[in-house]
Amino acid sequence: SPFIKTANNHLLNTWLIRQSTRLSGSNSELALRFPNVLAFLVYGIAVWLILKPWKNNPLLYFSGCGLLLLNPYMIDFFSLARGYGLALAFGLMAIYFFVKAREPGQMKYFARDFFFSLLFSLLAAWSNFILINLNIALLALYLLEFLMNSKKQTFKENIPVVIGLLLILGLNIHHINKIYDMLMVLKDNKELYIGSNQGFIESTLRILIHRSIYLSYYGEQFWLRLYHGLLIGFFSLNIVLVFRAQYTSLSKVFSILLLMIAASVLQYYLFEIPYPVERTSLIFIPLTVLTVFMTGAEISDWLSNYKPWAGLLVGGMMLTLIVLPLGYHFYQNLNTHYAI
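In structure tokens:
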């Protein structure tokens with residue numbers, strides 16, 4: 003079928019829609035959209051799991067919920083009969099298994115998280131091929147973590163686990179190869195046309211900010227301040243994390259973000275694939291807001307060592323200055339009629 007060789011065929015989404023219409027016995031809009039509607043439940047579970055360590059700090063916890071759930075542009079994709087909602091849900095679940103706390107040298111727990119993280123990132127990639135970058139980024143970071151902790155590993159006592167890790171690695175590389183072959187077919191068919199050639203900052207970041215503003219208009223200066231604020235925050239955090247040299251949840255999330263940006267640049271120069279924009283760049287929304295949240299959480303934890311109330315103050319400031327305006331923006335842009 004010609005449909006197989008088009009970028010509009012999000013393979014896992016297509017298969018799930020077929021099952022949904024077969025089980026419901028109809029081609030209704032609900033049946034067609036149901037897999038992505040259901041994916042929002044998976045996304046919500048991933049949000050809950052990621053934020054669970056901060057459940058005793060309700061101000062921080064609800065700040066994280068707001069950041070991850072109150073982007074009207076992103077949420078819209080969970081109502082479409084496309085693979086973007088599925089990709090977001092599986093992608094965030096993959097990120098959870100990577101950023102969750104692990105004791106160095108605990109190979110059994112490392113293998114478990116490695117398996118589930120790569121599994122969910124592959125499901126994300128089969129839902130939307132652009133997410134293969136997430137799978138490769140996670141694979142690289144897991145291998146780096148494994149090498150960093152290799153002196154603490156007891157390989158002789160964990161031979162079955164090591165064999166399992168090698169099997170997972172082999173299967174993952176097999177799927178990467180299959181998706182790569184499909185992407186090259188799509189490239190030859192001129193199907194990878196969604197994107198821009200103006201660089202990551204101009205193409206991906208600027209357009210995502212505009213789309214996230216959605217149906218509202220707050221003036222030209224608003225989005226420019228947001229744009230420059232994100233850039234300053236990004237480069238400042240880069241410098242801080244390099245000099246601090248600690249492997250925390252924040253550094254893990256930021257590492258994924260950095261590798262995803264690097265992948266976008268590399269695929270442009272190596273394969274002439276445009277920089278992701280709009281729907282092909284959606285994963286950068288949860289990655290960015292997770293970075294913002296984790297930064298606030300680490301500042302809160304650090305201040306709590308000196309004054310317990312100071313940690314609560316950070317959560318209160320995030321809730322008041324970021325999440326409440328986001329909630330207002332979300333309410334003003336509730337969209338129940340059509341998709342942008």
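Quick note, the sequence shown lines up with residues 3 to 342 if you use our numbering. Every residue, glycine too, gets a C-beta built ideally from N, C-alpha and C.
Contact set for residue i: own chain, Cβ-Cβ below 6 Å, skip 5 residues either direction
i    : result
I301 : V316
A265 : N135
S253 : L243
M320 : S65 and G298
A83  : L34 and R35
S123 : A96, L136, N137 and L140
S3   : Legend: pLDDT at S3 = 46, less than 50; position of this residue unreliable, value from coordinates given subsequently. Same-chain partners within the cutoff: there are none.
L188 : A9 and L194
S119 : A96, F99, F100 and L140
Distance, residue j Cα to residue i Cα
i    : j    : result
L125 : Y333 : 31 Å
P74  : S152 : 43 Å
N174 : A41  : 23 Å
G66  : Y229 : 21 Å
L61  : E193 : 45 Å
T8   : N191 : 8 Å
I211 : S26  : 38 Å
E292 : T16  : Reading the sequence as shown, one finds Leu at residue 292 and not Glu. Between L292 and T16, the C-alpha separation is close to 29 Å.
D303 : I52  : 16 Å
A127 : Y219 : 33 Å
S238 : I161 : 43 Å
L14  : Y45  : 16 Å
Q2   : L314 : As displayed, the chain neither begins before 3 nor continues past 342, which places residue 2 out of reach and without an answer.
F202 : L145 : 26 Å
M150 : P106 : 9 Å
L167 : Q248 : 25 Å
D78  : Y308 : 42 Å
K102 : K180 : 29 Å
L185 : F131 : 8 Å
N29  : T23  : 6 Å
F148 : R246 : 21 Å
Y216 : H331 : 9 Å
G329 : T322 : 10 Å
L284 : L133 : 10 Å
L272 : F117 : 29 Å
Y270 : S205 : 12 Å
F224 : F112 : 43 Å
G172 : W50  : 31 Å
H177 : A312 : 47 Å
I196 : S306 : 46 Å
D115 : R104 : 9 Å
Span of the alpha helix (DSSP H) around residue i
i    : result
W311 : P310 to M320
E105 : Unbroken run through E105: none, as it is neither H nor E.
Q21  : L13 to S26
F42  : E31 to L53
I165 : I161 to D190
A142 : I134 to M150
G221 : Where G221 is concerned, there is no enclosing alpha helix (DSSP H), given that its DSSP letter is neither H nor E.
H339 : Segment: none, H339 is in no alpha helix (DSSP H) and carries neither H nor E.
I209 : R208 to I215
I203 : Counting along the chain, I203 falls outside any alpha helix (DSSP H), and DSSP gives it neither H nor E.
F345 : Nothing about residue 345 can be reported from this structure: the residues present for the chain run from 3 to 342 only.
Spatial neighbours of residue i in its chain, beta-carbon cut-off 8 Å, leaving aside the 5 residues before and after
i    : result
S81  : R35, N38, V39, G87 and A341
L143 : F100, K254, S257, I258 and L261
I324 : S65, G68, L69 and V294
P288 : L70, M76, L90, G93, L94 and I97
N335 : P74, Y216, L217 and S218
I209 : S198, V279, E280 and S283
T290 : L232 and L259
L72  : V325, L328, G329, H331 and F332
Counterpart residues of residue i in DSSP-defined beta bridges
i    : result
S238 : According to DSSP, S238 bridges with nothing at all.
S198 : Y277
Cut-off 7 Å between Cβ atoms - residues of its own chain near residue i, not counting five sequence neighbours on either side
i    : result
T338 : none
G318 : L61
I263 : F202
K57  : Y63
V267 : F202
M296 : S251, L252 and V255
I19  : L34, P37 and A83
Interface flag, residue i vs chain C, CB-CB below 9 Å
i    : result
L125 : Among the chains of the structure shown, chain C does not appear; only one protein chain is present.
Minimum length 4: unbroken alpha helix (DSSP H) runs contained in the segment 250 to 326: Runs found: 251 to 273, 286 to 306 and 310 to 320.
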